[in-house]
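Below is one structure; the comments refer to it alone.
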Amino acid sequence: MIFVTLGTQDKPFPRLLEKIEKQIKKGNIKEDVIVQAGYTKYESKYMKILGMIPMEEYHKYMEKCDLLITHGGVGSIFDALKLGKRIIGCPRLKKYGEHLNDHQIQLIDSFCEKGYLLAYNEDDDLSEILKKVKKMKPIKYKPNNQKMLDIITNFIENN
């Protein structure tokens, strides 16, 4: 099962769902697709579209999925990393009114550089990314808590 999360941003993000639906129609996605759409209104006979869902239900889908396709939300990415899921991240873009700025590009690029996920940007071929992600072995996320503690300690000691 593929779980798609669009987060709780109050701006629509149908662009990602249109691309996923095309891949289903082409036969590149054969698994069931469950979508946590948030505020995005989208109808599909190929995907199960849910609006806002309770956290318990969200976690149930997250645990069950083989692949997470998500917007650039840190919460969704961390949840999937903790569970050892394969992830494709697609940033919401300001130019389409999907977000207030383009910070999700940098966020997804950062996770991608470390090998935690595959990035899907607007000019990429989603069918190629879907092929690559099937071969991807998820990397266990290692938080760098010591670095954060050092920054806080340094701040306290010097102020």
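For the working numbering, count along the sequence shown from 1 and bump the result up by 133. Backbone N, C-alpha and C fix where the C-beta goes; we use that ideal spot for every residue, glycine too.
- Minimum C-alpha distance to M195 - residue among M180, R219, Y172: By 1-based counting over the sequence shown, the position of residue 195 is 62. Looking at the Cα atoms, R219 is the closest of the given residues.
- Item | Close-in-space but distant-in-sequence residues of the same chain around M134 (CB under 7 Å, 5 per side omitted) | If you number the sequence shown from 1, residue 134 lands on position 1. For M134, where only same-chain residues beyond five positions count, the Cβ hits under 7 Å are E164, D165, I167, K197, C198, D199.
- Provide the residue(s) that pair with R219 in DSSP beta bridges, ordered along the chain. On the sequence shown, residue 219 is found 86 positions in, with the first residue counted as 1. R219 pairs with L200.
- Query: Does the Cβ-Cβ distance between L216 and Y249 come in under 8 Å?
  - Reply: Here residue 216 refers to the residue found at position 83 of the sequence shown. Here residue 249 refers to the residue found at position 116 of the sequence shown. Not a contact, by the Cβ cut-off of 8 Å.
- Beta-carbon proximity of G205 to R225, cut-off 8 Å: In the sequence shown, the residue the question calls residue 205 occupies position 72. In the sequence shown, the residue the question calls residue 225 occupies position 92. Cβ distance < 8 Å, so G205 and R225 count as in contact.
- Message: Pop quiz: G171 and M180 are said to be a contact at Cβ under 8 Å. What is the actual Cβ separation, rounded to whole angstroms?
- Response: Along the sequence shown, one-based indexing puts residue 171 at 38. Along the sequence shown, one-based indexing puts residue 180 at 47. In fact, because the Cβ distance is near 14 Å, the residues do not count as touching under 8 Å.
- Query: So which of N287, K247, L149 has the shortest CA-CA distance to D257?
  - Reply: The residue you call residue 257 lines up with position 124 of the sequence shown. With distances taken between Cα atoms, D257 lies closest to L149.
- Message: Suppose the cutoff is 6 Å on Cβ atoms and the five residues either side in sequence are ignored; what does the same chain contact list for D212 look like?
- Response: Within the sequence shown, the letter at position 79 stands for residue 212. Around D212: M195.
- Message: By alpha-carbon positions, which one of G222, K275, K264, C245 ends up nearest to E255?
- Response: Within the sequence shown, the letter at position 122 stands for residue 255. With distances taken between Cα atoms, E255 lies closest to G222.
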